[in-house]
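Every letter in the sequence shown is one number past the one before it in full-length UniProt numbering, and letter 69, counting from 1, is 69.
A virtual CB, placed ideally from N, CA and C, is assigned to each residue, including glycine.
Keep in mind the model is a prediction, meaning the values are calculated, not measured.
Everything on this sheet refers to the single structure shown next.
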Amino acid sequence: MLILGIETSCDETGVALFDTNEGLLAHGLFSQIDMHADYGGVVPELASRDHVRKLLPLCDQVLVDAGRARSDIEGIAYTAGPGLIGALMVGGSVAHALGFALGVPVLGVHHMEGHLLAPMLEENPPAFPFVALLVSGGHTQLVRVDGIGEYELLGESVDDAAGEAFDKTAKMLGLDYPGGPRVAALAEKGTPGRYRFPRPMTDRPGLDFSFSGLKTYTLNTVNAAKDAGGLDEQARADIALAFESAVVDTLTIKCRRALEATGCKRLVIAGGVSANRRLRAGLEAMASKLSAGVFYARPEFCTDNGAMIAYAGAQRLLAGQRDGERIVAVPRWPMNTLPSLAEPRMN
Ligand code: ATP
Ligand code: MG
Ligand code: FE
1 MLILGIETSC DETGVALFDT NEGLLAHGLF SQIDMHADYG GVVPELASRD
51 HVRKLLPLCD QVLVDAGRAR SDIEGIAYTA GPGLIGALMV GGSVAHALGF
101 ALGVPVLGVH HMEGHLLAPM LEENPPAFPF VALLVSGGHT QLVRVDGIGE
151 YELLGESVDD AAGEAFDKTA KMLGLDYPGG PRVAALAEKG TPGRYRFPRP
201 MTDRPGLDFS FSGLKTYTLN TVNAAKDAGG LDEQARADIA LAFESAVVDT
251 LTIKCRRALE ATGCKRLVIA GGVSANRRLR AGLEAMASKL SAGVFYARPE
301 FCTDNGAMIA YAGAQRLLAG QRDGERIVAV PRWPMNTLPS LAEPRMN
């Protein structure tokens, strides 16, 4: 079954073609980062309009890259949420219009399920069950995964997401959005041990996270260095390293607890922050002590992309799930309300 996947939940237009027999055929991405840079954040109306401009040309480009025609498409998956309502509506409208014109089934997919399943596109995909750490711009969650749609939330951030903390730290250090990769690059030049930041919520039991206090701690450290006239390049790098180490340690401690509590031997990490090299190394070192394996997607499939939506949608479309005639767009949507593959309908 040849599935067209469409991602438009935020500031990235992503499209991919996934064949349930042949795998991923082609994918493309338009990032709006430069467009929003002047505003210091994503402007929802501008995001929607840019998706309108970019989506159909990108669909055509991906079809050309895959050597397929529109008429070859046998199913369409789009991101139905969570995300910006206007941006979601663009993807949903195009998906439903194309599906109606081609007479093929259409399905709205959960964005975080897309992230969660992205490592399945790699060569050595994880088997169920596994523990998943979802770490992105809007989410930090630990989930026990027994199958597609079989999700048990083990813990989550009570305030900021890890990616959001990276982005805010970047801003404090004078770096551009998205901050994660820039903070990580700056941290490479940092002096280990010059600053030590707290590991929030690791001294008590449980699998929840909190990154807002760490953000304040970072701000206070930046301000203290500024007041002392010492916020030079080296101090910025030292702060970046101290922040990154605190996030990595905190996530690693909670992942170890989740693996121990569930007895799972597989840890999947997904979402933009899972591209972080120090995080991958920290988790791999921890997991090897538990004889567990760590699974993640290639960096371009950690952040938003169409391939993860095509893959997640393909599994559900293959199982017979599809939308009714209504476009589905859900700005807030808990992932543990999703049906399993055995249930007949999704939306
Ligand atoms: P959500 O998926 O929760 O709706 P989102 O789609 O905005 O949020 P993603 O696209 O998955 O989030 O990831 C973007 C986030 O990942 C940003 O916060 C970015 O700073 C962070 N990120 C990307 N690469 C890295 C990296 N190498 N290290 C740390 N953080 C990173
Ligand atoms: Mg994005
Ligand atoms: Fe995302």
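Same chain only: Cβ atoms within 6 angstroms of residue i, ignoring 5 sequence neighbours per side
i: Ala101; result: none
i: Ala170; result: Gly179, Arg182, Val183
i: Ile148; result: Gln315, Leu341
i: Lys168; result: Lys215
i: Leu186; result: Ala237, Ala240
i: Ala228; result: none
i: Val106; result: Ile76, Ala95, His96, Gly99, Asp323
Nearest to residue i (by Cα), restricted to the options the options
i: Phe301; options: Ile3, Leu29, Arg199, Lys226; result: Leu29
i: Ser212; options: Pro198, Gly229, Asn223, Ala312; result: Pro198
i: Ala235; options: Thr191, Arg256, Val104; result: Thr191
i: Gly99; options: Ile6, Asp176, Val247, Tyr39; result: Ile6
i: Ala275; options: Met335, Phe128, Ala118; result: Ala118
i: Leu214; options: Ser245, Tyr311, Asp232; result: Ser245
i: Glu150; options: Asn223, Met172, Arg316; result: Arg316
i: His27; options: Asp60, Thr216, Asn336; result: Asp60
i: Cys255; options: Ala187, Leu142, Gly92, Pro125; result: Leu142
i: Asn124; options: Asp227, Asn336, Arg298, Ser31; result: Arg298
i: Ile327; options: Gly92, Ser71, Pro200, Tyr177; result: Gly92
i: Asp38; options: Arg277, Ser31, Ala225, Tyr177; result: Tyr177
i: Ile73; options: Ile33, Thr79, Gly103, Leu58; result: Gly103
i: Met1; options: Ile33, Asp232, His36, Ser71; result: Ser71
Beta carbon of residue i nearer than 9 angstroms to that of residue j
i: Glu152; j: Asp159; result: no
i: Thr20; j: Leu318; result: yes
i: Gly108; j: Ala87; result: no
i: Ile3; j: Gly313; result: yes
i: Ala261; j: Leu338; result: no
i: Gly193; j: Leu121; result: no
i: Gly81; j: Ala329; result: yes
i: Ser157; j: Ser210; result: yes
i: His96; j: Asp323; result: yes
i: residue 353; j: Phe18; result: Residue coverage of the chain in this structure runs from 1 to 347, which leaves residue 353 outside it and unanswerable.
i: Arg257; j: Pro205; result: yes
Same chain, Cβ closer than 7 angstroms to residue i, neighbours up to 5 away in sequence not counted
i: His139; result: Met112, Ala161, Gly271
i: Lys189; result: Ala237
i: Thr202; result: Thr250, Ile253
i: Leu219; result: Met172
i: Ala165; result: Phe211, Leu214, Lys215, Val247
i: Tyr217; result: Phe197, Pro198
i: His115; result: Leu134, Ser136, Ala270, Gly271, Met308
i: Trp333; result: Gly81, Pro82, His110
Spatial neighbours of residue i in its chain, beta-carbon cut-off 8 angstroms, leaving aside the 5 residues before and after
i: residue 348; result: The chain is shown only over 1 to 347; residue 348 falls outside these bounds and no answer can be derived.
i: Leu84; result: Ser9, Cys10, Val42, Pro44, Ala47, Ser48, Pro331
i: Val90; result: Thr8, Ser48, His51, Val52, Leu55
i: Thr221; result: Tyr195, Phe197, Ile239, Ala242
i: Arg280; result: Ile269, Ser274, Val294, Tyr296
i: Ala66; result: Leu17, Leu25, Ala26
i: Leu175; result: Arg182, Val183, Leu186
Subject >> At least 3 beta-carbon pairs within less than 8 angstroms: the stretch 298 to 318 vs the stretch 14 to 33 >> reply: Yes: at least three Cβ pairs fall under 8 angstroms.
Original post:
If you scan the stretch 5 to 59 from start to end, which runs of the alpha helix (DSSP H) of 4 or more residues do you find wholly inside it?
Top reply: 33 to 37
Original post:
Whole beta strand (DSSP E) runs in the stretch 69 to 138 with 3 or more residues, listed along the chain?
Top reply: 75 to 81, 106 to 110, 130 to 135
**OP:** Could I get the ranges of all uninterrupted alpha helix (DSSP H) runs contained in the stretch 172 to 198, with 4 residues as the minimum, in chain order?
**Re:** 179 to 187
Original post:
So, do the stretch 288 to 295 and the stretch 50 to 67 have three or more beta carbon pairs nearer to each other than 8 angstroms?
Top reply: no
Original post:
Unbroken beta strand (DSSP E) runs of length 3 or more, entirely within the stretch 279 to 311: which are they?
Top reply: 293 to 295
Original post:
Where are the beta strand (DSSP E) runs, 3 residues long or more, that stay fully inside the stretch 232 to 281, in chain order?
Top reply: Segments of the beta strand (DSSP E) lying fully in the stretch 232 to 281: 266 to 270.
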